[in-house]
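The following block contains the structure:
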């Protein structure tokens, strides 16, 4: 239809508000092309639309159990070579620790044990009190807490120095530790090396503290000793230093060596080049323990000698004391009576300053003057030996006048002993010289003196000690520092006299501690005789300085001491010796 | 087997857990013989719950971690026979459902949390042995009698609390040792 055609048929527009209008629409049909399309079926495209909402997102939280990572340690139970103590020996007199351990002393492995399994084995052991509560390990006395601590220190250590002050029971601590190690199957063969006079002491102490452990004392002729060294059933062998040196080759034949070697009075090997030290170090061993109350006697290098046995190479000569103190910290345990035995009766030390008798003074002055002149005349040719000879003569004069036999010290001693004997007490008198001891024995005969020194054969010495301990009339024992200062228990003496002075304070302390030790019932009075205006006064001053060495290494506040020993210079200085070229410096 | 040997062959286990950090725990199991000597020691690496576990386990998280995860894993490592298991961790008692041996909670008299933890845990059955408080879950009440008989048969004054100190020290040592070891 054209535009014109459409317009011609259009009706006028009627306003619907004004009324109705007849509607007449002229409809005509024209042929077009699309009517056929009406006969075709429509194309229908189906699009499906889901009416449900989409599923929600899911977050899964994994709560499955993951097995934790684990570490396991299995401890085999080594078979002990010793049998439990028989019922018959578990007498009621022995201390029963069952049910009583209030304190718990635990072992702590030392720093040099690096294998974790081994460290844990020590850490997981029960307390010592619990171990010793086993009736098969009963003890004759209840140990002090510090002694438990000493055992806990030794038990895990392959290298150890137990340096407790004399009288604190180093022997007991060592024996108890050996006993526990043997029962735990940790060791099977033990060698104890000690000074000859102390062999019987070790026998006695083992019988007391570990009666079920058999001991084999190495003694006799060469054939017997060879057999004893090789005897396979030996668990604990005891030998003195001299025998170890003599039988070095025999000991070397023992292929298995020892699980533990214990050195008693280990200061005996302070000279690391000495034959004794070399022989001791040659003994094949897994564990090395040293017992000594005086690890430093003369100089800090003494400790180097001991450590060459305990932990070779750990210390070196010339180390500064403060550095040495740090190095030995984990290896050395040192306690003093003041620290651990608050209840021990006091030790009263007094210096008795004696004035020589007139004849002694005359002799002394003459010998000193002559000696000094002679040494001065020798100039640089003078040696320490020459000075020592003079010192020896002067010290002997301080004891007894060789001309008249007078002795101001002996007079004073006699007076004091009168009082001591009257009060029923006993006294130990120490001297450096056997000659002095013999003279004193004559002077003091009314006090029933017994003598204990190098001239008394070893086989008689136990009897000497027995007499002093048990016989009432025997009020005095005269001892030399060399023979009597170590290892002996003489708690029945309330008085100790140092008739003359030894060269270092450590030996003097050892001597004093024969009486002032565990078991002493009352205070111990120590009298150190000192002859006024003599060489003894000058030596005394040096001794005081030497104490500083010890304090430096074994105290918490380590400082370098002013003096590290009695040097050659000091020895010469005792006489203020000078040459025309200046002071004699001890170059010899 | 003689009586003495039979007694010596008894094995006691001590199971404990220490907190490594705020949220991680380390378990330790010590087995000892009648002489209190160590036979075995097992410890876990630090076990730390994830956030989901913390939320979903809620108040039972400690029981799940201590008893089901740590305790069960440690128990599975035991090589020697076990006669009695003791713990100082109340949450560990849930482990009893998973193991055949008696499991007893022990604590000191004055220690309020351990054996006196009945307020926060399912009802416990209590008893006292010397100075040690003992408890177990009420479903396993007979465990207390079994434990008493066993401890009586040992005939020693075995300290039932002291081994936990050893475990704690050993865990510390083991963790330090493991940390010091170079990576493989």
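Protein chains in written order, with my numbering: chain A, 1 to 588; chain B, 1 to 184.
Here a beta-carbon is modelled for each residue, glycine too, at the ideal position from N, C-alpha and C.
Measuring CB to CB, does residue i end up less than 7 Å from residue j?
| i | j | result |
| --- | --- | --- |
| residue 451(A) | residue 428(A) | no |
| residue 266(A) | residue 237(A) | no |
| residue 257(A) | residue 284(A) | yes |
| residue 105(A) | residue 149(A) | yes |
| residue 171(A) | residue 321(A) | no |
| residue 375(A) | residue 381(A) | no |
| residue 67(A) | residue 110(A) | no |
| residue 163(A) | residue 295(A) | yes |
| residue 409(A) | residue 354(A) | yes |
| residue 186(B) | residue 124(B) | As displayed, chain B neither begins before 1 nor continues past 184, which places residue 186(B) out of reach and without an answer. |
| residue 126(B) | residue 18(B) | no |
| residue 77(B) | residue 299(A) | no |
| residue 498(A) | residue 514(A) | no |
| residue 307(A) | residue 281(A) | no |
| residue 81(A) | residue 235(A) | yes |
| residue 82(B) | residue 13(B) | yes |
| residue 364(A) | residue 420(A) | no |
| residue 359(A) | residue 302(A) | no |
Give me the Cα-Cα distance between residue i and residue j, rounded to the nearest whole angstrom.
| i | j | result |
| --- | --- | --- |
| residue 341(A) | residue 55(B) | 58 Å |
| residue 70(B) | residue 103(B) | 15 Å |
| residue 176(B) | residue 128(A) | 25 Å |
| residue 396(A) | residue 542(A) | 19 Å |
| residue 60(A) | residue 52(B) | 10 Å |
| residue 433(A) | residue 399(A) | 10 Å |
| residue 222(A) | residue 330(A) | 40 Å |
| residue 240(A) | residue 27(B) | 52 Å |
| residue 50(B) | residue 40(B) | 30 Å |
| residue 29(B) | residue 98(B) | 16 Å |
| residue 461(A) | residue 252(A) | 32 Å |
| residue 191(A) | residue 262(A) | 6 Å |
| residue 9(B) | residue 34(B) | 7 Å |
| residue 562(A) | residue 545(A) | With a pLDDT of 41 at residue 562(A), under the threshold of 50, the modelled position of this residue cannot be trusted; read the value that follows with caution. About 8 Å. |
| residue 337(A) | residue 89(B) | 43 Å |
| residue 654(A) | residue 339(A) | Here chain A covers residues 1 to 588 and nothing more, so residue 654(A) does not appear. |
| residue 79(A) | residue 215(A) | 20 Å |
| residue 34(A) | residue 26(A) | 22 Å |
| residue 100(A) | residue 305(A) | Residue placement at residue 100(A) cannot be trusted, given a pLDDT of 49 that sits under 50; what the coordinates show is reported in the next sentence. The alpha-carbon atoms of residue 100(A) and residue 305(A) are separated by roughly 42 Å. |
| residue 446(A) | residue 286(A) | 53 Å |
| residue 166(B) | residue 44(B) | 16 Å |
| residue 424(A) | residue 430(A) | 20 Å |
| residue 75(B) | residue 96(B) | 11 Å |
How would you write the range of the beta strand (DSSP E) that residue i sits in, first residue to last?
| i | result |
| --- | --- |
| residue 27(B) | 25-32 |
| residue 495(A) | 495-498 |
| residue 128(B) | 124-129 |
| residue 73(A) | 70-74 |
| residue 216(A) | 215-217 |
| residue 236(A) | 236-240 |
| residue 159(A) | 159-162 |
| residue 38(B) | 38-44 |
Terminal residues of the continuous alpha helix (DSSP H) containing residue i?
| i | result |
| --- | --- |
| residue 12(B) | Note, residue 12(B): premise wrong, no alpha helix (DSSP H); beta strand (DSSP E) at 12-19. |
| residue 324(A) | 321-327 |
| residue 182(A) | 170-183 |
| residue 103(B) | Run containing residue 103(B): none in the alpha helix (DSSP H); it sits in the beta strand (DSSP E), 103-108. |
| residue 377(A) | 358-378 |
| residue 224(A) | 222-230 |
| residue 398(A) | 384-399 |
| residue 350(A) | It is not in any alpha helix (DSSP H) - residue 350(A) instead sits in the beta strand (DSSP E) that spans 347-354. |
Using a Cβ-Cβ distance cut-off of 7 Å, determine whether residue i contacts chain E.
| i | result |
| --- | --- |
| residue 499(A) | In the displayed structure, chain E is absent; the protein chains listed are A and B. |
Report whether the distance from the Cβ of residue i to the nearest heavy atom of the ligand COA is below 6 Å.
| i | result |
| --- | --- |
| residue 63(B) | Looking at this structure, you won't find the ligand COA or any other ligand, since it has none at all. |
Closer than 8 Å, Cβ to Cβ, to anything on chain B: give me those residues from the region 120-143 of chain A, in chain order. 120, 121, 123, 124, 125, 126, 127, 130, 131, 133 and 134
Quick one, which residues of the region 39-54 of chain B are near chain A if we go by CB-CB under 7 Å, in chain order? Here the close residues are 39, 40, 41, 42, 43, 44, 45, 47, 52 and 53.
If contact means a Cβ-Cβ distance below 9 Å, which residues of the region 152-165 of chain B contact chain A? Hits within the stretch, in order: 156, 157, 158, 159, 162, 163 and 165.
Within 7 Å of chain B by C-beta, residues of the region 39-67 of chain A in sequence order: 61, 63, 65 and 67
Whole beta strand (DSSP E) elements within the region 421-479 of chain A, 3-residue minimum: 427-431 and 450-452
Where the region 73-97 of chain B meets chain A: residues whose CB sits under 8 Å from a CB there: 73, 74, 77 and 79
In chain order, what are the residue ranges of uninterrupted beta strand (DSSP E) at least 3 long that sit wholly in the region 487-546 of chain A? List check, beta strand (DSSP E) in window: 495-498 and 524-531.
Which residue spans inside the region 71-103 of chain B form an unbroken beta strand (DSSP E) run of at least 3? 84-87
What residue ranges within the region 251-318 of chain A form continuous beta strand (DSSP E) runs of no fewer than 3 residues, ordered along the chain? 258-264 and 285-291
Can you pull out the residues from the region 102-118 of chain A whose beta carbon lies closer than 7 Å to at least one beta carbon of chain B? Going along the region 102-118 of chain A in chain order, one finds 104 and 116 with a Cβ nearer than 7 Å to chain B.
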